[in-house]
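Chemist:
As structure tokens, this is what we get:
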């Protein structure tokens, strides 16, 4: 359970090249982003490593940790280590979590998403993940009902020590999800597609979190 205000966790679109770096820097330049999940399009391992090396500083220089996820068969642990990322993110798979933990030790974080059931969440927590993500868009772009995300994040935050991230499909959902006591609230398209740009979106989200914390 979080003892302090929830922090922001940003999720990028699927990235094929480094052209997203300026937008990433704009979002993280506020200094209020705790972490960024870089979603990388399938590519050969060397290309992914080079892409992470180029993109990561846009977030890390502003104090945000960089977590990488990649489709395809690339060695994600190697991409993170050689690219300078702070961690990896994978779909729910306890066996893979344990394998990554053996390789990454405690040097880099391991996060998981696409968690279907409470039993799956508990199994993943026992496998040694550093955080669990609830409510992110499904592969087809659809979203679970916000009510189910609130229920799952509230349940996890109340009982377990491992941090959780609750995905907000819009800025309007940030306050509701922060009230679950999740350690992080995630935002994706709500930031990148904001009419006034990513900086304005992140500032608005940070203000919501500050107000929510002040009202506790």
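Residue numbers (our numbering): 1 to 216. Quick reminder that beta carbons are idealized off the backbone N, C-alpha and C, glycines included.
Which same chain residues end up closer than 7 angstroms to residue 144 when comparing Cβ atoms and leaving out the 5 residues on each side of it in sequence?
Modeler: 135
Chemist: Quick check on DSSP: helix, strand or coil for residue 6?
Modeler: coil
Chemist: Give the range of the alpha helix (DSSP H) segment to which residue 149 is assigned.
Modeler: Its alpha helix (DSSP H) spans residues 146 to 159.
Chemist: Considering only residues of the same chain and omitting the five flanking positions on each side of residue 101, which have a CB-CB separation below 8 angstroms?
Modeler: 110, 127 and 128
Chemist: Relative to the C-alpha of residue 191, which candidate in 57, 112, 151 and 28 has its C-alpha closest?
Modeler: 28
Chemist: Residue range of the beta strand (DSSP E) that residue 57 falls in?
Modeler: First-last for residue 57: 45 to 60, but that is the alpha helix (DSSP H), not the beta strand (DSSP E).
Chemist: Quick one: grab the DSSP three-state call for residue 97.
Modeler: helix
Chemist: Pop quiz: residue 81 and residue 114 are said to be a contact at Cβ under 8 angstroms. What is the actual Cβ separation, rounded to whole angstroms?
Modeler: Wrong, their Cβ atoms sit about 23 angstroms apart, outside the cutoff.
Chemist: For the candidate residues 193, 182 and 199, whose alpha-carbon lies nearest to that of residue 212?
Modeler: When 193, 182 and 199 are compared, the shortest CA-CA separation from residue 212 is found for 182.
Chemist: With DSSP as the reference, label residue 13 as helix, strand or coil.
Modeler: strand
Chemist: Which of helix, strand or coil does DSSP assign to residue 38?
Modeler: In this structure, residue 38 counts as strand in the three-state DSSP scheme.
Chemist: Got a sec, what are the start and stop residues for the beta strand (DSSP E) residue 133 sits in?
Modeler: 131 to 134
Chemist: For residue 15, collect the residues of the same chain with a Cβ closer than 8 angstroms to its Cβ; drop the 5 residues on either side in sequence, then sort them by chain order.
Modeler: So the qualifying residues of the chain are 38, 39, 40, 41, 51 and 55.
Chemist: At the level of alpha carbons, what is the spacing between residue 83 and residue 60?
Modeler: 12 angstroms
Chemist: Look up residue 179 in the DSSP assignment and say whether it is helix, strand or coil.
Modeler: coil
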